[in-house]
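*Asks:* Take a look at this one; I'll ask things after.
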Amino acid sequence: MKAAMLLGNQSIEIKEIAEPTPEANEVILKVGYTGICGTDLHEYQAGPMFAKANVVLGHETAGTIVACGNMSNKFSIGSRVTVIPMDYCGQCHYCVHGLYHLCEQPGWVGFTRNGAFAPYVAVPERLLVALPEDVSLEVGALTEHFAVAFHAVRRARLQVGERILILGAGPLGLAVMQCALAAGASDVLVTETNKLRLETASSLGATQVYNPVEEGAEERVMQRTGGIGVDVVFDCAGTQKALELGFSCLRKRGRFIEMSAWGEVAKINTNNSLLAEHEIIFMFGYEMHDDFPAVLGLMARGVIDAGKQITKKISLDEIVKEGILPLVNGTGEEVKVLVDPAR
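In terms of our numbering, the sequence shown opens at residue 17 and continues consecutively.
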């Protein structure tokens with residue numbers, strides 16, 4: 017079968033590999049759709065980092081079980097599922113306390129083992145979550161993506177009626193926005209330099225959007241909040257300028273949620289945050305067995321409309337030219353790109 021394999025820095029190629037066969041407690045999924053994630057872009061640009069060389073990428077996926085090794089009665093052949101791509105040892109301090117995403121010996125579908133930029137993928141059964149009937153394979157492929165955003169909103173302890181500022185309206189920022197609205201945020205302000213993404217943010221419910229390059233975003237945020245600032249800032253941009261803008265718009269005793277993978281060392285004016293009693297919270301991943309079912313429930317009820325993020329579907333052969341490169345270079349007008357291995 018064909019698969020998109022990371023060979024090294026800025027090198028992803030379509031290779032012929034053997035179809036996977038299930039080991040004990042594994043299943044084989046026929047891949048429906050797999051999303052291109054920001055982490056995939058980081059691996060292409062600067063990797064291998066988390067990923068091994070010569071691994072099939074692709075971790076945001078949903079598909080149908082077509083074979084199994086030693087499967088329990090929780091799933092059956094034909095079950096539609098999404099995948100928790102973060103594997104865990106189950107024995108370290110953090111796993112014992114239920115914090116599987118902080119496992120000291122983690123594994124990753126699509127990084128340390130072959131992923132879903134292929135027609136078929138082998139996955140441990142314990143990493144599967146059933147899709148509700150009302151959630152399509154397309155939307156199901158975005159479950160992991162939205163679980164990260166949902167976890168960020170939970171970590172922020174967002175209260176009904178609070179005002180928030182989201183730095184960056186890429187796929188993750190837009191997902192945070194939808195989760196925050198579902199949690200009761202009353203005023204959702206978004207900064208982004210890409211026109212299409214600003215328009216998408218507006219269509220998904222942002223109350224105000226700003227291009228920080230073209231207008232005084234700080235002045236407008238402070239004016240809207242009566243000079244006080246927002247209650248919570250979510251950094252989905254990962255740049256120094258965005259970080260400084262976020263802190264300048266954050267009220268005293270506000271919460272700053274850092275959820276971006278940075279390509280440089282961030283600089284924080286600790287004295288300013290000290291005097292304002294800012295709370296800085298770093299977050300990573302998700303609490304998989306809580307956040308995945310919660311997100312799928314919100315999707316099934318239409319509280320989160322994940323499908324509006326999908327702007328393009330491509331084949332495996334198009335993954336670099338039509339997917340990776342336009343997203344890396346900012347030359348396209350895409351938000352979320354899905355790979356359909358059957359195309």
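Using N, Cα and C, we set each Cβ at its ideal position, and we do this for glycine too.
Please list, in chain order, all residues of the same chain as VAL249 whose beta carbon is under 6 angstroms from its beta carbon, the five residues on each side excluded.
*Replies:* What you label residue 249 is simply residue 233 of the sequence shown in a count that begins at 1. Around VAL249: LEU181, GLY262, LEU266 and PHE272.
*Asks:* What's the gap between the Cα of ALA172 and the Cα of ILE297?
*Replies:* Locating residue 172 in the sequence shown gives position 156, counting from the first residue. Locating residue 297 in the sequence shown gives position 281, counting from the first residue. Each residue's alpha carbon lies about 8 angstroms from the other.
*Asks:* In chain order, what residues of the same chain have a beta carbon less than 8 angstroms from the beta carbon of ILE142, not counting five sequence neighbours either side?
*Replies:* Residue numbering aside, residue 142 sits at position 126 when the sequence shown is read from its first letter. Inspection of the sequence shows that residue 142 is occupied by Arg rather than by Ile. Excluding sequence neighbours, ARG142 sits near ASN41.
*Asks:* Going by alpha carbons, who is nearest to TYR302 out of LYS257, VAL206, GLN175 and ASP103?
*Replies:* The residue labelled residue 302 in the question sits at position 286 within the sequence shown. That would be ASP103, whose Cα lies nearest to the Cα of TYR302.
*Asks:* Where do the N-terminal and C-terminal ends of the alpha helix (DSSP H) with CYS111 fall, by residue?
*Replies:* Locating residue 111 in the sequence shown gives position 95, where the first residue counts as 1. Its alpha helix (DSSP H) spans residues 109 to 112.
*Asks:* In angstroms, rounded to a whole number, what distance separates the CA positions of LYS211 and LEU205?
*Replies:* On the sequence shown, position 195 is the one that residue 211 refers to. On the sequence shown, position 189 is the one that residue 205 refers to. In a straight line, the C-alpha of LYS211 is about 15 angstroms away from that of LEU205.
*Asks:* If we ignore side chains and look at the alpha-carbon of each, how far apart do SER331 and SER264 end up?
*Replies:* Residue 331 sits at position 315 when you count from the first residue of the sequence shown. Residue 264 sits at position 248 when you count from the first residue of the sequence shown. Straight-line Cα distance between these residues: approximately 43 angstroms.
*Asks:* Assuming ASP306 is part of the alpha helix (DSSP H), what are its boundary residues?
*Replies:* By one-based count along the sequence shown, residue 306 stands at place 290. Per DSSP, ASP306 belongs to the alpha helix (DSSP H) from 304 to 316.
*Asks:* Secondary structure at LEU73, three-state DSSP: helix, strand or coil?
*Replies:* Reading the sequence shown from its first residue, position 57 is the one you call residue 73. In the structure shown, LEU73 sits in coil (DSSP, three-state: anything other than H, G, I, E or B).
*Asks:* Using DSSP bridges, identify the partner residues of ILE297.
*Replies:* As a working mapping, residue 297 is identified with position 281 in the sequence shown. Per DSSP, ILE273.
*Asks:* What is the C-beta distance between ALA165 and ALA191, in whole angstroms, given that I count them as a contact (C-beta under 8 angstroms)?
*Replies:* The residue given as residue 165 occupies position 149 in the sequence shown. The residue given as residue 191 occupies position 175 in the sequence shown. Contact flag correct, Cβ pair sits at about 4 angstroms.
*Asks:* Could you tell me if ALA175 is buried or exposed, where buried requires 16 or more neighbouring beta carbons within 10 angstroms of its beta carbon?
*Replies:* Residue mapping note: residue 175 aligns to position 159 of the sequence shown, counting from 1. For the record, residue 175 in the displayed sequence is Gln; it is not Ala. Classification for GLN175: exposed.
*Asks:* For GLY258, collect the residues of the same chain with a Cβ closer than 8 angstroms to its Cβ; drop the 5 residues on either side in sequence, then sort them by chain order.
*Replies:* The sequence position of residue 258 within the sequence shown is 242, counting from 1. A quick correction: the sequence has Ala, not Gly, at residue 258. Cβ neighbours of ALA258 beyond the five flanking positions: LEU183, GLY184, THR207, PRO228 and ASP251.
*Asks:* PRO140 by DSSP, collapsed to three states: which one?
*Replies:* The sequence position of residue 140 within the sequence shown is 124, counting from 1. Of the three classes helix, strand and coil, the one that applies to PRO140 here is strand, per DSSP.
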